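Okay, so here's the structure we're looking at.
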Amino acid sequence: MKTGFNTLLKTPLIAFLCLLTLAQVAHGADDDYSAEGERRAKSAGESLVGTPAPQMQFQTLDGRTIDLAELYGKKPVYIKFWATWCVPCREQMPGFEDINKKYADKIQVIAVNTGISDSVTSVTEFSKKMGLSMPITIDDGKLARAFHLRVTPQHLLIDKNGKFAYFGHRDDTEFHQALDKVIAEKASGKPLANPTFVAKDSGYNLGDTVPELAFSTIDEKPLKFTFNTDGSKKLALVFFGPWCEWYLEKTEPKTSLACTQVRELLEQKSQAASVQWVTVSTNLWSSVAELDDYRKSYGTSMPIVFDKEGDLFKQFGVNQVPSITLIDADGKVSLKSSIQDEDFDAALHAISTLK
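Residue numbers -28 to -1, 1 to 327, in mature numbering (1 follows the signal peptide of the UniProt record, and there is no 0), belong to the letters of the sequence shown in order.
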C-alpha cells in the first residue's frame, strides 16, 4: 500500500496541532484559575484596604519574634500566604525571593505558611530548596482570620502608615506597581492607632462543653443542635475542603487520601441512629457553587455548611482538613483530631464503631 507524501506531512502536523490545542486549553484553564484567585483575594481585602492593620506578634521558624507594631510608621510590610503543595505558590517563590533581596532594607517581607497540610519539617525543607531568606512563620489560623485569607497564594501590602494598601493573588504588573508605591511613599509622621489583635480563645478542646449550635446548610436549611436534653444525640462535625481530594492528589497525596477516607467513612456511617453528621467547608478556595459541584461529583448525602467567614473553624480551633470533632449527647467534646495529629487513624476507627 502506498502512502502519499502529503499524508506523511499531514500526520505529524495534525498531531502537533492537537498538542497545541491541548496546551492552549490548559493555559486557558490556568488563566481562569489565576483570574478567579485574583478576584477572591481582592474581594477578601476590599473591606480592609485603607484601614489600620492590626498589631500582632508571631514567631518565625528560626525562633525570632516579629512585632508588626514596631514596623508600622517605619517600613511597609509585604505578607504572602502560601503552602508547599500550592502550585502557583511554587511558581511565585523565585520572584518572591528576588523582591526580598532587592528591597530588604526598604520593606519587611514575611512568608506566612498557611499551616494547612504542612509542618515545620515540610516548610523548612521547602524553604531550603527554594533558597528563601525572608522570615517565615507557620500560621495556626490567627493570621488567616486577621488578614482575611481566601486563596493561596494571597499577598497583601501594608503601607508605612500601618494601613492596608493592597490585596492580590497574582504576581503581575498591578502588584509590582502597588509594591513600588508603598516603598516610595513617605510616612505621615502622625501618631498611629492600629488596633491590637487579640485571639480570644483557641476554640473548643477535649472535655469542653458546647451549649448549643445553630447554622445553615448550602441549601439554606437551618440546623440547630441542643445537648443534654431528652432526645439529644451525638454530633459529628467534619471539617473539609471541596478541593482536597483532587487538587492535593499529586502535591500532597497523604492529605488527599485522608479526605477520601473520611468522606467514604461518613457515607458508610450516615445511617447511624445515635449520631448526627454535618460537614463544614473551609472558606479557602471555596464557595457555595463549588460545594454544590462537590456534592454532585462525589454523590455525598451529608449536610454541607459553608463556613464563609471562618467562624466555625475558629469556634472549634480547626486549622486542618480533614478534621473531626465529636460532641457527645451531653455537649462534651469527646473526640477532636486532624490529619496532622498522631491519633488520626485511631479517631477514624472510633468513628467507624459508632452505631
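Glycine residues also receive a C-beta, built at the ideal position from the N, C-alpha and C atoms.
It should be emphasised that the depicted structure is a prediction, and the values quoted were computed from it without experimental measurement.
Same chain, Cβ closer than 6 Å to residue i, neighbours up to 5 away in sequence not counted
i, result
"Met28", "Leu40 and Phe169"
"Lys78", "Ile155"
"Leu121", "Phe53"
"Leu20", "Phe136"
"His(-2)", "Because the pLDDT of His(-2) is 48, which lies under 50, any placement of that residue in the model is unreliable, and the number read from its coordinates should be weighed accordingly. If we look at His(-2) and ignore the five residues flanking it on each side, it has no Cβ neighbours."
"Leu284", "Val252"
"Ala(-6)", "Confidence at Ala(-6) is low in this model, with a pLDDT of 46, below 50, so its placement is unreliable and the value that follows should be read with caution. Around Ala(-6): no qualifying Cβ."
"Gly9", "Val123 and His141"
"Lys196", "Ala186"
Within 9 Å, strictly: CB atoms of residue i and residue j
i, j, result
"residue 359", "Thr56", "Only positions -28 to 327 of the chain appear in this structure, which leaves residue 359 out of reach."
"Phe136", "Pro24", "yes"
"Leu185", "Leu298", "no"
"Gly134", "Gly45", "yes"
"Pro60", "Pro107", "no"
"Ser310", "Ser324", "no"
"Ile71", "Asp90", "no"
"Gly179", "Lys286", "no"
"Lys73", "Ser105", "yes"
For residue j and residue i, believed in contact at Cβ under 8 Å, the rounded distance
i, j, result
"Ser242", "Ser273", "6 Å"
"Thr254", "Val293", "6 Å"
"His127", "Ile51", "7 Å"
Contacts around residue i, its chain only, beta-carbon distance under 8 Å, and the 5 residues preceding and following it disregarded
i, result
"Ser258", "Gly213, Pro214, Trp215 and Phe278"
"Pro183", "Phe199 and Gly303"
"Leu164", "Pro24, Tyr44, Gly45, Asn133 and Gly134"
"Lys47", "Lys78, Ile79, Gln80 and Lys132"
"Leu307", "Leu178, Ile296, Thr297, Leu298, Ala319, Ala322 and Ile323"
Buried/exposed call for residue i, threshold 16 Cβ in 10 Å
i, result
"Leu207", "buried"
"Val234", "buried"
"Pro194", "exposed"
"Ala116", "buried"
Residues of its chain near residue i, where Cβ-Cβ distance is below 7 Å and the 5 sequence neighbours each way are ignored
i, result
"Gly(-25)", "With a pLDDT of 47 at Gly(-25), under the threshold of 50, the predicted position of this residue should be treated as unreliable, though the coordinate-derived value follows. If we look at Gly(-25) and ignore the five residues flanking it on each side, it has no Cβ neighbours."
"Leu(-21)", "Low local confidence applies: a pLDDT of 40 at Leu(-21) is under 50, so the model's placement there is unreliable, and no value is given."
"Ser94", "Thr56"
"Ala318", "none"
"Asp143", "Gln64 and Gly67"
"Lys14", "Phe139 and Gly140"
"Gln31", "Thr37 and Thr109"
"Ile276", "Thr189, Ile190, Thr251, Ser253, Leu263 and Arg267"
"Glu217", "Ser228, Cys231 and Thr232"
Item to complete: Pick out the complete alpha helix (DSSP H) segments inside the segment 258 to 302, 4 residues or longer, and give them in chain order.
Response: 260 to 270 and 283 to 287
Worksheet item: In chain order, which continuous runs of the alpha helix (DSSP H) of length 4 or greater are located wholly inside the segment 65 to 105?
Response: Counting only runs of at least 4 residues, the segment 65 to 105 fully encloses the following alpha helix (DSSP H) elements, listed from N- to C-terminal order: 92 to 102.
Practice prompt. Pick out the complete alpha helix (DSSP H) segments inside the segment 110 to 167, 4 residues or longer, and give them in chain order.
Written response: 114 to 118 and 145 to 156
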